[in-house]
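Residues in the sequence shown are numbered from 1167 upward in steps of one, following the numbering used here.
Input: a single structure, listed below in structure tokens.
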Amino acid sequence: MRSAKAIALIAGAGFFLLAVVIQGIIPYALKDIRFESITRVVRTELGTLKEIKSKVELYNEIIERGRRIYIREGCWYCHSLYIRPGVGEDRRWGPLSEFGEYSQDLPHLLGTRRIGPDLARAGGKYGDDWHVAHFFNPRIVVPDSIMPRFTWFFKKEKGKYVLNEDGKAIIAFIQNLGMARGRWRDMFPSQNIIYGSSYVSTKESVKNGQKAYLRRCAGCHGEKGDGRGRAAEFFLTKPRDLTSGIYKFRTTPSGALPLDSDLFRTVTAGIRRTAMPPWFNLSEQERWDIIHYIKTFYPDFETTPQEQPIYIPRPPEPDKEMITKGKKVYDELKCWECHGREGRGDGEKADTLKDDWDNPIKPADFTKGIFKSGSRPEDLYRTIMTGLNGTPMPSYIDSIQAMNEDPWSLVFYILSLSADKI
């Protein structure tokens, strides 16, 4: 018995020392021998996407500070930062992890447990506003979350809770996770869809949709669908008032209600740069049930005849001549009055724009290449031709047809404004 205890003690100590050597001493000794190359998705001068091999950029000061806070708060106890080469991993989280992504991390924070979601590709999935609400009280946006509140990331100003410097830093760190891989999200098939499918609405689907809505959506959009959920106070871009029947992202003409497939696309892909996340992780049936339920907030869905959607053709292969024509169309349509001469969202009318609810609204900064309705050429084509209901952005379908110009030239010119330096 004594010999068994001694063997167990020696073996335990041996494995502990082995772990220290493998995970501590060897990585430290080899810290200058590391992979710094990664596969990065970039946008070209023609507005298209391609993969290149690239060297990882160093963290800036605020991201490095956020990483230290992430370690200090023990976030890595529950969240992994590693996309494993297992079945379905890349369809759920994004492209598999590469060595170069962790070249700056000492100690590494890969993690082996997933009590919480994997965060290796969290950057850009949610808007900053969503993270603000999530840190203040996770249950507001994720009712079944077991994550603790991080109220010490906040301070009170003029009666409202706002982020302090630590809060800003950790959100900057999270928003950087996975971004060394560039614009991979613009090529992520789980999030990028052009058209929805179809699903018949029944009393049972509406009932199931109500349950799913109250669990997934009410925190932002409110139990009554009026956009006054508990999280709304933290958002700059307010949640959609589903009782108004005004939807920005549609394939139908300006002023019309969206098709069910339009709602399905928005729920699946989310709305970039806002607190509306993508919900592709939900089953297709659950997403359809939610859509059937939210339509009950606006009775005219049942009584208003559906308008025919615009036709979105297959995008052509762009060339330099097309980009030149697109700039000409951009100037002639006076897009620069709102979006600026260089597409930075700083046009002469930018500070005067308001939405239908009299809220100030900023034009998109095209140079960032992050578009609310999606970054595919088809998404920009749809927005240009249908406009955005409830905003100053009109439909340009008549103007472009009167000019006898190809709308794809404008689409690819706008995309080219966010070209990466390669």
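Every residue, glycine too, gets a C-beta built ideally from N, C-alpha and C.
Check, Outcome
"Do ARG1431 and LYS1538 come within 7 Å of each other at the CB atom, strictly closer than that value?", "no"
"Buried or exposed: where does PHE1182 fall if 16 or more other Cβ atoms within 10 Å of its Cβ makes it buried?", "exposed"
"Just the C-alpha distance for MET1488 and PHE1578, rounded to the nearest angstrom, thanks.", "8 Å"
"Assuming ALA1346 contacts ILE1457 (C-beta within less than 8 Å), just tell me the rounded distance between them.", "Between ILE1457 and ALA1346 the Cβ distance is about 35 Å, and since that is not below 8 Å, they are no contact."
"Rounded to a whole number of angstroms, what is the C-alpha to C-alpha distance between TYR1547 and PHE1463?", "29 Å"
"For ARG1396, which option in VAL1308, ASN1358, GLY1240 and GLY1277 has the closest C-alpha, if you only look at C-alpha atoms?", "VAL1308"
"Would you kindly check if the distance between the Cβ of GLY1553 and the Cβ of ASP1521 is under 7 Å?", "no"
"At a cut of 8 Å, does the stretch 1231-1249 reach the stretch 1281-1298 through at least three beta carbon pairs?", "yes"
"Distance check for ASP1407 and PRO1444, CA to CA, integer angstroms please.", "18 Å"
"With which residues is VAL1207 paired in a DSSP beta bridge?", "GLU1217 and GLY1348"
"Per DSSP, PRO1424 forms a beta bridge with which residues?", "None; PRO1424 has no bridge partner."
"Can you name the start and end residues of the beta strand (DSSP E) that VAL1328 belongs to?", "1326-1329"
"Quick check: the stretch 1271-1279 against the stretch 1239-1246, are there 3 or more CB pairs under 8 Å?", "yes"
"If distances are taken between C-alpha atoms only, which option among ASN1303, SER1220, ASP1256 and ASP1524 comes closest to GLU1267?", "SER1220"
"The alpha helix (DSSP H) with PHE1320 in it runs from where to where?", "First-last for PHE1320: 1320-1323, but that is the beta strand (DSSP E), not the alpha helix (DSSP H)."
"If we count the other Cβ atoms within 10 Å of its Cβ and call it buried at 16 or more, is LEU1429 buried or exposed?", "buried"
"Evaluate LEU1272 with the Cβ neighbour count: other Cβ atoms within 10 Å of its Cβ, from every protein chain shown; 16 or more gives buried, anything less gives exposed.", "exposed"
"Buried or exposed for PHE1201, going by 16 or more other Cβ atoms inside 10 Å?", "exposed"
"What residue does the alpha helix (DSSP H) around TYR1579 start on, and which one ends it?", "1573-1582"
"For the alpha helix (DSSP H) that THR1518 lies in, which residues bound it at each end?", "Run containing THR1518: none; DSSP gives neither H nor E here."
"With distances taken between CB atoms, is the gap from VAL1253 to TRP1350 smaller than 7 Å?", "no"
"Per DSSP, PRO1355 forms a beta bridge with which residues?", "DSSP lists no partner for PRO1355."
"Let's test the definition: count the other Cβ atoms within 10 Å of the Cβ of LEU1576 and tell me whether it reaches 16, buried, or not, exposed.", "buried"
"Grab me the residues of ALA1441's own chain with a C-beta within less than 6 Å of its C-beta, minus the 5 sequence neighbours each way, in chain order.", "GLY1293, ASP1295, TRP1296 and PHE1401"
"My output table needs one value for PRO1526: the three-state DSSP class, helix, strand or coil.", "strand"
"Quick one: Cα of PHE1446 to Cα of SER1269, how far?", "30 Å"
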